[in-house]
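Take a look at the structure set out below.
Protein chains: 2
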Amino acid sequence: MNSKNNIFPLDSDFLKKCLNDWEVDLTHVSIRELNRLVDELSAHFEVEFLRFEFGVPGLPPNKIGPEEEIRILQHNPRIPSIYPPFDGIPRLKVAAANFIKKFLDIDVPPKSCIPTVGAMHSGFICQAIAGRKCPESNTILYLDPGFPVNKLQTKFLGLQEKSIDLFDYRGDALINKIEEIFSTNKIGGLLWSSPNNPTWVCLKESELEGIGNLLTKYDVLGIEDAAYFGMDYRQDYSQPGVPPFIPTIARYTDNYFLTISSSKIFSYAGQRIAMTVISPKLMEKRYKNLRKYFDTERIGHAFVHGGIYPTTAGVPQTPQHALAALLEAASNGEYNFLDEVKVYSQLASKIKIIFQKYDFNLVYDEDMGEPISDGFYFTISRKGMTGAELLFQMLRFGMAGIPLSTTGSTKEGIRICVSIIRDSQLDEMEDRLSALNHQLQPNPV
Amino acid sequence: MNSKNNIFPLDSDFLKKCLNDWEVDLTHVSIRELNRLVDELSAHFEVEFLRFEFGVPGLPPNKIGPEEEIRILQHNPRIPSIYPPFDGIPRLKVAAANFIKKFLDIDVPPKSCIPTVGAMHSGFICQAIAGRKCPESNTILYLDPGFPVNKLQTKFLGLQEKSIDLFDYRGDALINKIEEIFSTNKIGGLLWSSPNNPTWVCLKESELEGIGNLLTKYDVLGIEDAAYFGMDYRQDYSQPGVPPFIPTIARYTDNYFLTISSSKIFSYAGQRIAMTVISPKLMEKRYKNLRKYFDTERIGHAFVHGGIYPTTAGVPQTPQHALAALLEAASNGEYNFLDEVKVYSQLASKIKIIFQKYDFNLVYDEDMGEPISDGFYFTISRKGMTGAELLFQMLRFGMAGIPLSTTGSTKEGIRICVSIIRDSQLDEMEDRLSALNHQLQPNPV
Chain A
1 MNSKNNIFPL DSDFLKKCLN DWEVDLTHVS IRELNRLVDE LSAHFEVEFL
51 RFEFGVPGLP PNKIGPEEEI RILQHNPRIP SIYPPFDGIP RLKVAAANFI
101 KKFLDIDVPP KSCIPTVGAM HSGFICQAIA GRKCPESNTI LYLDPGFPVN
151 KLQTKFLGLQ EKSIDLFDYR GDALINKIEE IFSTNKIGGL LWSSPNNPTW
201 VCLKESELEG IGNLLTKYDV LGIEDAAYFG MDYRQDYSQP GVPPFIPTIA
251 RYTDNYFLTI SSSKIFSYAG QRIAMTVISP KLMEKRYKNL RKYFDTERIG
301 HAFVHGGIYP TTAGVPQTPQ HALAALLEAA SNGEYNFLDE VKVYSQLASK
351 IKIIFQKYDF NLVYDEDMGE PISDGFYFTI SRKGMTGAEL LFQMLRFGMA
401 GIPLSTTGST KEGIRICVSI IRDSQLDEME DRLSALNHQL QPNPV
Chain F
1 MNSKNNIFPL DSDFLKKCLN DWEVDLTHVS IRELNRLVDE LSAHFEVEFL
51 RFEFGVPGLP PNKIGPEEEI RILQHNPRIP SIYPPFDGIP RLKVAAANFI
101 KKFLDIDVPP KSCIPTVGAM HSGFICQAIA GRKCPESNTI LYLDPGFPVN
151 KLQTKFLGLQ EKSIDLFDYR GDALINKIEE IFSTNKIGGL LWSSPNNPTW
201 VCLKESELEG IGNLLTKYDV LGIEDAAYFG MDYRQDYSQP GVPPFIPTIA
251 RYTDNYFLTI SSSKIFSYAG QRIAMTVISP KLMEKRYKNL RKYFDTERIG
301 HAFVHGGIYP TTAGVPQTPQ HALAALLEAA SNGEYNFLDE VKVYSQLASK
351 IKIIFQKYDF NLVYDEDMGE PISDGFYFTI SRKGMTGAEL LFQMLRFGMA
401 GIPLSTTGST KEGIRICVSI IRDSQLDEME DRLSALNHQL QPNPV
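Protein sequence lines correspond, in order, to chains A and F. Residue 445 is where the first sequence ends in full-length UniProt numbering, and the numbering goes up by one at each step. Residue 445 is where the second sequence ends in full-length UniProt numbering, and the numbering goes up by one at each step.
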């Protein structure tokens, strides 16, 4: 940590040279390119960056997961030789159905719960089915901003995308806008996450109800990406079987896929394991056009036999057991996962205040009048600057983040991820933001 | 084991009823449907079947794999929380490059070695790239018969397929036939496995050389599925760094993907881990049409960032370490994996003799004059019977296998997989085959 040494601002010529040499445009920078750029700057100037650009767990996993994998490998040494069932090991399916009941108060049979190789795998197959169920509805509609890689999936699948910015549309306006687009009959799937990456916007129950009605009315498939399941700490969702239950589209339509990632809530990103819940009615629904791609018309069969099988032929065995153990412990109250990851929320609250103190504004600042929740991410902007311009200056002061231009947002700004920031870095952060703020004054002294 | 109790042949009406009730046609039966049918028959008639239909490892894994996963989980408990690099952990990439040198005598840098979630994941991405590199060459050409799920991948990807039956074309005739089809410019990728599932046909070096030349000449991408890497026991490929080296397309073209599965050679099917080797030159090759689907024109980048990332965002961490440990031990001579799985070959030799004794014939019986190798699979037929008819009768005598009609073969017959048959079952098998043979005589007594 070197700000006291007056190293900032870093030489802008060197930064420009890096960007030129690597043909990187900050407006469209990928997270990978940004990581590399920050590594380079950090090494060149011998300064540790405040890395707000990563969107990775900052915590170690609860020991329940690794211990279960070890136990399985020790007690059943044949397990690594046995192909996993394509639709998941029975134990995990049961654990998932129980977890869904305990935290969402939704009843689904184990058959409706299908593990995937991380949530990305789930989203990939969900989009493939939603975008191909009818030839004319080959467009995925996004509630943006969002995770850029979902759009890379749309591209891989040869589907089209369309976007609604949650900045402009909330509540009735959102529902009306969705209906306007659904009524074109071009939309096969609607994809969102709530809490949302990058803004931490959380959809209200009334919005989910409206969306659910439209999914049913227009026969569009909802893809609810619960990457941050229950991590809206304005309510206490942490008690299994006790209200309030986590808001979900599953309460309002039968046309849903629900993806629960283990990466953030269980800090289990490394073993690539997630759960897809498909509504029992949707499991059995048939669409003629699916046969062309999945060798079957039935959605549940298309997901497992036409989706999981040809992509990975199942999900690795021991991570399935780890996830089962985590879900079991969460459901029976032994493991309060939401309490364990609450540290992100507490950190976000502190970091947000410091940004605001130095004249940075929250871009997505409220949920229909209510201040936005504190969580993994928030979004900031600086008056009169584009996201790329702001990022350029932040880099000169040893800080990195993701420009909103890469997330499908129509707004200018930067995504700040708090997950790997340590409390011990907050003073240094304040110094840098103060210096950056000074630099950005119309007439810096 | 009940043949002495005169339970055979099982009642054909019950079998027909099952097939009718489940709408199963044996000509097109999937392995899943067949498994279920055999389970049902086995339960109903209280008889253990000889299950030649599975294509799964019959051995437990060598302890190197599970022990390494346990070691990593114990010594680095944060590992499950850390996203794996999309292109694989460095240790595994180095181990794979070394393994390739030791067993194929091919030089590739670690960068060319990219793990996937099983070989299926590899084949999926390889096909996606091969079939999309140019708009006009969207057809995958198969050297058939083959593994049916590869064609399900072609379907998922919206690509076209074409087939050459190795029964009809070997040697120069094969090369000429491939060239005839390549010259239409409609082929993006050529996919085969050698040893081959279901026939155990092994391509000769001269054939690989001819194929390699054509891949280069017509700029088609070869996808060599080495699911049974080195398991042709007519030669001893088991000594690392010592000739003879395993035949591979990598010796004859730069246009190759090589997929090495851990499922059979390391009995590690359960943890879904495989390795794709991409030729260093192909890694850097660019095709304009790829940008539409992968956001990049460069093959290596398309595989990792446009393929691995949107499908699974990497490969689970600890199985990567297991595979690394297995490859390391194999390369330094501590672990003779080919010797460990030789048991399949020995078993195949015995089982083949019994089938032939009772008037069943090998369908794919030779490699250009040389008797076919003994391995995981072989193919049998019965004069005057279709594969479906033969399977029907085999089922009545407590035996199951896969009809060749499901594998892209133009021949009638059954795939026999020996992997889960035990030596102790051979007498019973002989009794059943003898009884079946008797039953199939033109005028059974």
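For glycine and all other residues, C-beta sits at the position ideal for the given N, C-alpha and C. No experiment lies behind these values; they were computed from the predicted model shown.
Please say whether residue j and residue i have beta carbons closer to each other than 7 Å?
i, j, result
"Gly270(F)", "Ser81(A)", "yes"
"Ala325(F)", "Ile70(F)", "no"
"Leu50(A)", "Met429(A)", "yes"
"Gly88(F)", "Ile140(F)", "no"
"Glu161(F)", "Ile402(F)", "no"
"Gly118(A)", "Ala313(A)", "no"
"Leu157(A)", "Val201(A)", "no"
"Asn150(A)", "Leu215(A)", "no"
"Tyr309(A)", "Val56(F)", "no"
"Thr379(F)", "Val363(F)", "yes"
"Asn108(F)", "Ile100(F)", "For clarity, residue 108(F) is Val in the given sequence; the question names Asn instead. Yes, Cβ-Cβ distance for Val108(F) and Ile100(F) is below 7 Å."
"Leu15(F)", "Ala388(F)", "no"
"Ile106(F)", "Ala250(F)", "yes"
"Ser112(A)", "Pro247(A)", "no"
For residue i, does the three-state DSSP call read helix, strand or coil?
i, result
"Ala128(F)", "helix"
"Asn185(F)", "coil"
"Gly413(F)", "coil"
"Glu207(F)", "helix"
"Phe378(F)", "strand"
"Lys162(F)", "strand"
"Arg51(F)", "strand"
"Ser3(A)", "Note that Ser3(A) scores 47 on pLDDT, short of 50, meaning its location in the model is unreliable; the coordinates nonetheless yield the value given after this. Of the three classes helix, strand and coil, the one that applies to Ser3(A) here is helix, per DSSP."
"Asn443(F)", "coil"
"Met394(F)", "helix"
"Val277(A)", "strand"
"residue 446(F)", "Past the boundaries of the shown model lies residue 446(F); chain F is included only from 1 to 445, so the question cannot be answered."
"Thr139(F)", "strand"
"residue 469(A)", "Within the shown structure, residues of chain A are numbered from 1 to 445, placing residue 469(A) beyond reach of any answer."
"Met429(A)", "helix"
"Pro244(A)", "coil"
"Ile249(F)", "helix"
"residue 524(F)", "This structure gives no information on residue 524(F), because the portion of chain F shown stretches from 1 to 445."
Quick check on the DSSP output: the beta strand (DSSP E) that includes residue i runs from which residue to which?
i, result
"Ile114(A)", "Cys113 to Thr116"
"Gly222(F)", "Leu221 to Ala226"
"Thr199(F)", "Premise fails: Thr199(F) is in no beta strand (DSSP E) and is neither H nor E."
"Tyr309(F)", "Note, Tyr309(F): premise wrong, no beta strand (DSSP E); alpha helix (DSSP H) at Tyr309 to Thr312."
"Ser81(F)", "Premise fails: Ser81(F) is in no beta strand (DSSP E) and is neither H nor E."
"Tyr344(F)", "Tyr344(F) -> not in any beta strand (DSSP E); alpha helix (DSSP H) instead, spanning Lys342 to Lys357."
Determine the extent of the alpha helix (DSSP H) in which residue i is found, giving its start and end residues.
i, result
"Phe156(F)", "Pro148 to Phe156"
"Ser261(A)", "Unbroken run through Ser261(A) is the beta strand (DSSP E), Tyr256 to Ser261; no alpha helix (DSSP H)."
"Val94(F)", "Pro90 to Leu104"
"Asn35(A)", "Ile31 to Phe45"
"Ser331(A)", "Gln317 to Ser331"
"Glu67(F)", "Ile64 to His75"
"Ala302(F)", "Ile299 to Phe303"
"Tyr293(A)", "Arg291 to Phe294"
Can you give the beta carbon distance from residue i to residue j, rounded, assuming they're within the 8 Å contact cut?
i, j, result
"Pro185(F)", "Ser137(F)", "Note that residue 185(F) corresponds to Asn in the displayed sequence, not to Pro. Contact holds; Cβ gap of about 6 Å."
"Phe229(F)", "Ile178(F)", "About 23 Å separates the two Cβ atoms, so there is no contact after all."
"Leu152(F)", "Trp192(F)", "So it is not a contact: roughly 17 Å between Cβ atoms."
Against chain B, with Cβ distances strictly below 7 Å, would residue i count as a contact?
i, result
"Leu73(A)", "In the structure shown, chain B cannot be found, because the protein chains are A and F."
Residues from the segment 309 to 332 of chain A in contact with chain F, defined by Cβ distance under 9 Å: Correct list: Tyr309, Pro310, Thr311, Thr312, Ala313, Gly314, Val315, Pro316, Gln317, Thr318, Pro319 and Ala322.
Of all the residues that make up the segment 79 to 106 of chain A, which are near chain F by a beta-carbon distance shorter than 9 Å? Ile79, Pro80, Ser81, Ile82, Tyr83, Pro84 and Phe86
Against chain F, which members of the segment 256 to 269 of chain A pass a CB distance test of less than 8 Å? Taken in chain order, the members of the segment 256 to 269 of chain A whose beta-carbon sits within less than 8 Å of a beta-carbon on chain F are Ser263, Ser267, Tyr268 and Ala269.
Given a limit of 7 Å on CB to CB distance, which residues of the segment 131 to 146 of chain A reach chain F? Cβ contacts with chain F: none found.
Closer than 9 Å between beta carbons: that is the criterion. Which residues of the segment 156 to 182 of chain F meet it against chain A? Phe156, Leu157 and Gly158
Determine which residues of the segment 219 to 242 of chain F have a Cβ less than 9 Å from any Cβ of chain A, and write them out in chain order. Those would be none; no residue qualifies.
Chain-ordered residues of the segment 283 to 302 of chain A with a beta carbon less than 8 Å from chain F: Lys292, Tyr293, Phe294 and Asp295
Within 8 Å of chain F by C-beta, residues of the segment 337 to 361 of chain A in sequence order: none
Anything in the segment 107 to 118 of chain F with a Cβ closer than 7 Å to a Cβ of chain A? List those residues in chain order, please. Those residues of the segment 107 to 118 of chain F that come within reach of chain A (Cβ to Cβ, closer than 7 Å) are Val117 and Gly118.
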